[in-house]
């Protein structure tokens, strides 16, 4: 069964550094998403991406965040200057849009020191 | 008012028990409804979509009441492997984002 893959599985970074999280969505999916989950809290939406542009973003997704689809397979989330409160699990998801469900990768655990 | 509300539990049940989870959502314009399960520190995995007519998948039955903005999940004949957190999920106002509840924790014991 096709799946969403994410790398790395764990990223440790010093506060203030830039970090790039990578995702390979399911190949025939058209919509791509990033979510995060702070330890012990609910999963929160960050951004959705369709047709090479952001289609929706949350209040969390401020100017420190950016997304890119640099080629036909990868989808990346960049955090420009990390803060301690960016420590969380970051999940990439993809889907066909409409009322179809989204399928999640196994996440990148980001730890900011 | 929180967008998606669930009883956090935990629900502690013996194997073979029937257990029901409830969820309410605030956005009457939501069109997509799902139950996901999440194991500790893992990704959310789709359990089932929820339709107005109700739907069943083996031991799992989901119901949607749009008038009351209420979603339910029934698990029959609980297995040890059902132990997880069950997430009620609806799509947001703009349509693309998924809005998650905090989840209901189920622990099935032998």
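Chains as they are written, first to last, in the working numbering: chain A, 1 to 113; chain B, 114 to 223.
Every residue, glycine too, gets a C-beta built ideally from N, C-alpha and C.
Could you tell me how far apart the beta carbons of residue 60 of chain A and residue 46 of chain A are, in whole angstroms, since I believe they sit closer than 8 Å? As a working note, residue 60 of chain A is residue 60 in the first chain. As a working note, residue 46 of chain A is residue 46 in the first chain. Cβ atoms of residue 60 of chain A and residue 46 of chain A come within 8 Å of each other, at about 6 Å.
request  = Alpha carbon to alpha carbon, how far is residue 44 of chain A from residue 29 of chain A? Give it in angstroms, no decimals.
outcome  = By 1-based counting over the first chain, the position of residue 29 of chain A is 29. By 1-based counting over the first chain, the position of residue 44 of chain A is 44. In a straight line, the C-alpha of residue 29 of chain A is about 21 Å away from that of residue 44 of chain A.
Any 3 or more C-beta pairs closer than 8 Å across the stretch 175-189 of chain B and the stretch 79-97 of chain A = Flag = no, the stretch 175-189 of chain B and the stretch 79-97 of chain A do not touch.
Under 8 Å from the C-beta of residue 209 of chain B: neighbouring residues of chain A:
Here residue 209 of chain B is taken as the residue at index 96 of the second chain, counted from 1. By Cβ distance, chain A contributes 31, 33, 48, 50, 55, 56 and 97.
What whole-angstrom Cβ distance do residue 183 of chain B and residue 150 of chain B have, given they're in contact under 8 Å? The count along the second chain starts at 1 and reaches residue 183 of chain B at position 70. The count along the second chain starts at 1 and reaches residue 150 of chain B at position 37. 20 Å between Cβ atoms; not a contact.
Completely contained alpha helix (DSSP H) runs for the stretch 25-90 of chain A, where each covers 4 or more residues:
For the stretch 25-90 of chain A, there is no continuous alpha helix (DSSP H) assignment of 4+ residues that stays within its boundaries.
Spatial neighbours of residue 222 of chain B within its chain, please: C-beta separation below 8 Å, excluding the five flanking residues on both sides.
As a first step, residue 222 of chain B is located in the second chain; it is residue number 109 there, counting from the start. Leaving aside the five residues that flank residue 222 of chain B on each side, the residues in its chain whose CB is nearer than 8 Å to its CB run, in chain order, 125, 126, 127, 128 and 193.
I want to know whether the stretch 137-145 of chain B touches the stretch 63-74 of chain A - three or more CB-CB distances under 8 Å. Touching, no, given that fewer than three Cβ pairs across the two stretches are closer than 8 Å.
Residue 111 of chain A in three-state terms, based on DSSP: Position 111 of the first chain, counted from the first residue, corresponds to residue 111 of chain A. Three-state result, residue 111 of chain A: strand.
Output, in chain order, the set of chain A residues within a Cβ distance shorter than 9 Å of residue 159 of chain B.
-> For the purposes of this step, residue 159 of chain B is taken as residue 46 along the second chain, with counting starting at 1. Here the neighbours are 101, 102, 103 and 104.
- Item | Simplified DSSP assignment, three categories, for residue 195 of chain B | The count along the second chain starts at 1 and reaches residue 195 of chain B at position 82. In the structure shown, residue 195 of chain B falls within a helical segment according to DSSP collapsed to helix, strand and coil.
Does residue 171 of chain B have its Cβ less than 8 Å from a Cβ in chain A? The residue labelled residue 171 of chain B in the question sits at position 58 within the second chain. Not an interface residue.
Using a Cβ-Cβ cut-off of less than 7 Å, list which residues of the stretch 73-97 of chain A approach chain B; keep chain order. Answer in chain order: 91.
Notebook entry, point to check: Mind checking whether residue 156 of chain B and residue 49 of chain A have CB atoms under 8 Å apart?
Noted result: The residue labelled residue 156 of chain B in the question sits at position 43 within the second chain. The residue labelled residue 49 of chain A in the question sits at position 49 within the first chain. Residue 49 of chain A is positioned such that its CB atom lies no closer than 8 Å to that of residue 156 of chain B.
Beta-carbon proximity of residue 9 of chain A to residue 76 of chain A, cut-off 8 Å: The residue you call residue 9 of chain A lines up with position 9 of the first chain. The residue you call residue 76 of chain A lines up with position 76 of the first chain. Not in contact: residue 9 of chain A and residue 76 of chain A (Cβ atoms no closer than 8 Å).
In whole angstroms, give me the CA-to-CA distance for residue 63 of chain A and residue 12 of chain A. Here residue 63 of chain A corresponds to residue number 63 of the first chain, with the count starting at 1. Here residue 12 of chain A corresponds to residue number 12 of the first chain, with the count starting at 1. The alpha-carbon atoms of residue 63 of chain A and residue 12 of chain A are separated by roughly 21 Å.
ask   = Applying the criterion that 16 or more other CB atoms from any shown protein chain within 10 Å of the CB defines a buried residue, is residue 54 of chain A buried or exposed?
value = In the first chain, residue 54 of chain A corresponds to position 54, counting from 1. Per the 10 Å Cβ criterion, exposed.
**Item:** C-beta contact flag for residue 35 of chain A and residue 209 of chain B at 8 Å
**Value:** Locating residue 35 of chain A in the first chain gives position 35, counting from the first residue. Locating residue 209 of chain B in the second chain gives position 96, counting from the first residue. Against a cut-off of 8 Å, the Cβ pair of residue 209 of chain B and residue 35 of chain A comes out as no contact.
Let me confirm a value: residue 20 of chain A is counted as buried when at least 16 other C-beta atoms fall within 10 Å, else exposed. Which label applies? In the first chain, residue 20 of chain A corresponds to position 20, counting from 1. Counting other Cβ atoms within 10 Å of its Cβ, residue 20 of chain A stays below 16 and is therefore classed as exposed.
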